[in-house]
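Take a look at the structure below.
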Amino acid sequence: MTIRGKIPFLAGTLMALGLGWVGFPYAINTRRPQPVDFSHKVHAEKGGTKCEDCHAFREDGTFAGIPTLDKCSGCHAAAMGTTVAEKNFIDQYVTPNREPQWADYARQPENVFFSHSVHVKRAGMTCESCHGPTGASDSLRPYREDRISGYPAEIWKVSGTNHGMKMADCVDCHRSKRMEQSCLDCHK
Amino acid sequence: MISEIKPIHAAKYGMTIDVDRCNGCGACMVACAVENNVPPAHEGATDRKGLTWLRVYKVDNGEEYPNHRTAFVPVMCQHCNHDTPCVHVCPQQAVDLDPATGVVGEMPQRCLGCRYCVAACPYHARYFNWWDPAWPKGMEKTLNPDVTPRMRGVVEKCNFCHGRWHAAKQLAAAAGKLAGEPVEYTPACVEACPTGAIRFGDLNNAASEPARAAKEAESFRLLEKLGTETKVYYRSKREWVREIAQAPRPRQSGKEIARG
Numbered sequence: 000m001t002i003r004g005k006i007p008f009l010a011g012t013l014m015a016l017g018l019g020w021v022g023f024p025y026a027i028n029t030r031r032p033q034p035v036d037f038s039h040k041v042h043a044e045k046g047g048t049k050c051e052d053c054h055a056f057r058e059d060g061t062f063a064g065i066p067t068l069d070k071c072s073g074c075h076a077a078a079m080g081t082t083v084a085e086k087n088f089i090d091q092y093v094t095p096n097r098e099p100q101w102a103d104y105a106r107q108p109e110n111v112f113f114s115h116s117v118h119v120k121r122a123g124m125t126c127e128s129c130h131g132p133t134g135a136s137d138s139l140r141p142y143r144e145d146r147i148s149g150y151p152a153e154i155w156k157v158s159g160t161n162h163g164m165k166m167a168d169c170v171d172c173h174r175s176k177r178m179e180q181s182c183l184d185c186h187k
Numbered sequence: 000m001i002s003e004i005k006p007i008h009a010a011k012y013g014m015t016i017d018v019d020r021c022n023g024c025g026a027c028m029v030a031c032a033v034e035n036n037v038p039p040a041h042e043g044a045t046d047r048k049g050l051t052w053l054r055v056y057k058v059d060n061g062e063e064y065p066n067h068r069t070a071f072v073p074v075m076c077q078h079c080n081h082d083t084p085c086v087h088v089c090p091q092q093a094v095d096l097d098p099a100t101g102v103v104g105e106m107p108q109r110c111l112g113c114r115y116c117v118a119a120c121p122y123h124a125r126y127f128n129w130w131d132p133a134w135p136k137g138m139e140k141t142l143n144p145d146v147t148p149r150m151r152g153v154v155e156k157c158n159f160c161h162g163r164w165h166a167a168k169q170l171a172a173a174a175g176k177l178a179g180e181p182v183e184y185t186p187a188c189v190e191a192c193p194t195g196a197i198r199f200g201d202l203n204n205a206a207s208e209p210a211r212a213a214k215e216a217e218s219f220r221l222l223e224k225l226g227t228e229t230k231v232y233y234r235s236k237r238e239w240v241r242e243i244a245q246a247p248r249p250r251q252s253g254k255e256i257a258r259g
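Given below as structure tokens:
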């Protein structure tokens with residue numbers, strides 16, 4: 000085959016690779032918006048000042064995660080502002096007392112045991128060091144989920160950070176802190 | 000073991016089981032299965048193919064009436080502290096001896112199902128999943144969220160109720176205890192035993208029940224000659240029970256072996 004004969008072949012290969020590179024993340028993940036257009040920034044400024052005010056720890060050390068509706072309706076029984084997002088939230092969730100189906104960007108496989116208490120209260124880590132600057136965000140980014148595994152796509156790379164929430168990311172940190180002991184430290 | 004890091008305040012969890020107190024009721028076996036999401040036995044399960052992280056064996060002194068005597072010996076993973084056979088043979092590094100707790104941990108998700116560890120274990124404490132787990136309708140609601148159910152084709156075993164250890168560690172962290180400080184917790188079998196035959200604690204803590212019991216003359220470990228330095232100690236005042244624990248096979252009639 001001559002050089003000229005190879006050109007269309009090489010161009011085709013490059014095009015296919017490029018298409019795969021760009022298109023694959025869209026093909027592999029489903030996207031859906033969060034149920035409510037929530038602004039962490041507004042709530043951090045006007046409501047609680049710390050993450051823990053809403054994302055609370057329980058007495059037994061477990062982490063409550065995303066707050067439930069009763070936490071919201073404490074303030075939002077009636078509209079506090081004039082935004083459309085708040086009006087929709089009250090009409091669709093607070094008044095009918097319906098829990099919003101939040102999607103968790105950081106949901107882990109079921110064989111993972113992760114304790115927020117151990118990392119935050121004992122190791123003194125900040126929320127941002129894993130979750131990124133979520134508290135400063137003005138709107139919720141769409142939730143992407145892997146079609147095959149069913150896990151959130153942000154496990155691969157957390158928005159606004161240089162790391163993900165894969166096992167390799169956990170191990171990297173544990174290894175650098177010399178806290179790597181046994182598989183069952185993090186698995187159950 | 001992943002690494003050779005030695006924490007400053009390592010725990011060495013262990014058990015002491017008073018064979019003379021065990022009446023063979025099997026409450027520990029039930030509690031263990033419920034705690035660790037062990038499914039009800041598949042219809043094809045036999046003594047060899049069932050899943051019993053903890054199994055109560057019946058042994059006798061081999062004599063005829065009126066001198067016939069029996070004893071019940073609960074046997075779970077003995078958590079070998081030295082030359083742990085299953086850790087050595089695993090080609091997947093799915094088993095490790097945690098230097099911080101002394102627990103021999105099994106990672107079913109890493110297991111490829113070769114069952115080399117089942118063959119290597121001198122205590123028959125490892126079990127293979129011959130079927131996918133299935134719970135009767137509605138019973139899946141009783142599953143313990145702190146323990147992952149295992150799939151067909153992997154090996155599983157006792158890990159001293161690691162889910163409870165996680166919870167205890169988390170509680171200690173929330174209460175402001177420092178890292179590496181051993182936590183106290185109680186495995187399900189210990190909690191369920193109506194006669195208090197099974198006690199659990201940190202062998203490094205001289206005041207704990209297993210540490211005290213381990214020093215007693217009546218105390219013994221299974222197949223001590225293997226040098227595996229297991230962390231489950233047994234106790235019996237009866238000499239024939241102590242002898243049986245050192246024999247390669249329990250002196251049982253064929254019928255009793257079949258019953259397990």
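In the order they appear, the protein sequences are chains F and C. Take 0 as the starting number for the first sequence in numbering that gives the first Met the number 0 and just add one per residue. Take 0 as the starting number for the second sequence in numbering that gives the first Met the number 0 and just add one per residue. Built from N, CA and C at the ideal position, the CB exists for glycine as well. Predicted model only: the values in this text are computed from it and were never measured.
Taking all protein chains shown into account, do 16 or more other C-beta atoms lie within 10 angstroms of the C-beta of residue i, making it buried, or fewer, making it exposed?
{"i": "GLN245 (chain C)", "result": "exposed"}
{"i": "GLY14 (chain F)", "result": "The sequence as given places Met at residue 14 (chain F); Gly does not occur at that position. MET14 (chain F) should be labelled exposed."}
{"i": "VAL94 (chain C)", "result": "buried"}
{"i": "GLY64 (chain F)", "result": "exposed"}
{"i": "PRO209 (chain C)", "result": "buried"}
{"i": "MET79 (chain F)", "result": "exposed"}
{"i": "ASP17 (chain C)", "result": "buried"}
{"i": "ASP69 (chain F)", "result": "exposed"}
{"i": "ALA257 (chain C)", "result": "In this prediction, ALA257 (chain C) scores a pLDDT of 43, lower than 50, which makes its location untrustworthy; no coordinate-derived value is stated."}
{"i": "ARG121 (chain F)", "result": "buried"}
{"i": "THR29 (chain F)", "result": "exposed"}
{"i": "LEU96 (chain C)", "result": "buried"}
{"i": "HIS186 (chain F)", "result": "buried"}
{"i": "TRP20 (chain F)", "result": "exposed"}
Taking the alpha carbon of residue i as the reference point, which residue from the options has its own alpha carbon closest?
{"i": "PHE88 (chain F)", "options": "F:GLY134, F:VAL35, F:VAL170, F:GLU51", "result": "F:VAL35"}
{"i": "LYS165 (chain F)", "options": "F:PHE113, F:ASP137, F:PRO132", "result": "F:PHE113"}
{"i": "PHE71 (chain C)", "options": "C:GLN77, C:ASN22, C:THR83", "result": "C:ASN22"}
{"i": "GLY43 (chain C)", "options": "C:PRO132, C:THR194, C:PHE199", "result": "C:PRO132"}
{"i": "ARG54 (chain C)", "options": "C:GLU228, C:CYS188, C:ARG220", "result": "C:CYS188"}
{"i": "PRO32 (chain F)", "options": "F:TYR142, F:ARG121, F:CYS169", "result": "F:TYR142"}
{"i": "ALA135 (chain F)", "options": "F:LYS5, F:ILE2, F:THR48", "result": "F:THR48"}
{"i": "ARG68 (chain C)", "options": "C:GLU242, C:VAL58, C:GLN77", "result": "C:VAL58"}
Would residue i pass as an interface residue toward chain F - the criterion being a Cβ-Cβ separation below 8 Å?
{"i": "ALA124 (chain C)", "result": "no"}
{"i": "HIS161 (chain C)", "result": "yes"}
{"i": "LEU170 (chain C)", "result": "yes"}
{"i": "GLU255 (chain C)", "result": "Low confidence applies here, because GLU255 (chain C) scores a pLDDT of 49, under 50, leaving its location unreliable and the question unanswered by this model."}
{"i": "ASP97 (chain C)", "result": "yes"}
{"i": "HIS165 (chain C)", "result": "yes"}
{"i": "ALA173 (chain C)", "result": "yes"}
{"i": "ASN203 (chain C)", "result": "no"}
{"i": "ALA178 (chain C)", "result": "yes"}
Below 7 Å, is the gap between the Cβ of residue i and the nearest heavy atom of the ligand MG?
{"i": "PRO151 (chain F)", "result": "With respect to the ligand MG, the structure shown offers nothing to examine, as it has no ligands at all."}
Measuring only between beta-carbons, confirm whether residue i sits less than 8 Å from chain C.
{"i": "HIS186 (chain F)", "result": "yes"}
{"i": "CYS182 (chain F)", "result": "yes"}
{"i": "ASP59 (chain F)", "result": "yes"}
Which residues, in order along the region 136–150 of chain C, keep a beta-carbon less than 8 Å from a beta-carbon of chain F?
-> ASP145, VAL146, THR147
Residues within the region 21–47 of chain C neighbouring chain F, beta-carbon criterion of under 9 Å = none
List in chain order: all unbroken beta strand (DSSP E) runs of 3+ residues lying wholly within the region 203–242 of chain C.
-> 231–234
Can you give me, in chain order, the residues of the region 90–119 of chain F that have a beta carbon less than 7 Å from any beta carbon in chain C?
-> GLU109, ASN110, PHE112, SER114, SER116, VAL117
Chain F contacts from the region 103–118 of chain C (Cβ-Cβ distance under 9 Å) | GLY104, GLU105, MET106, PRO107, GLN108, ARG109
Contact list for the region 57–76 of chain C against chain F, Cβ threshold 9 Å = none
Any chance you could list the beta strand (DSSP E) runs of at least 3 consecutive residues sitting entirely within the region 73–108 of chain C, in chain order?
-> 94–96, 103–105
3 or more residues per run - each beta strand (DSSP E) lying fully within the region 10–71 of chain C | 12–17, 54–59
Members of the region 40–60 of chain F near chain C, C-beta cut-off 9 Å | PHE56, ARG57, GLU58, ASP59, GLY60
Quick one: which residues of the region 133–149 of chain F get their C-beta closer than 7 Å to a C-beta of chain C? List them in chain order.
-> none
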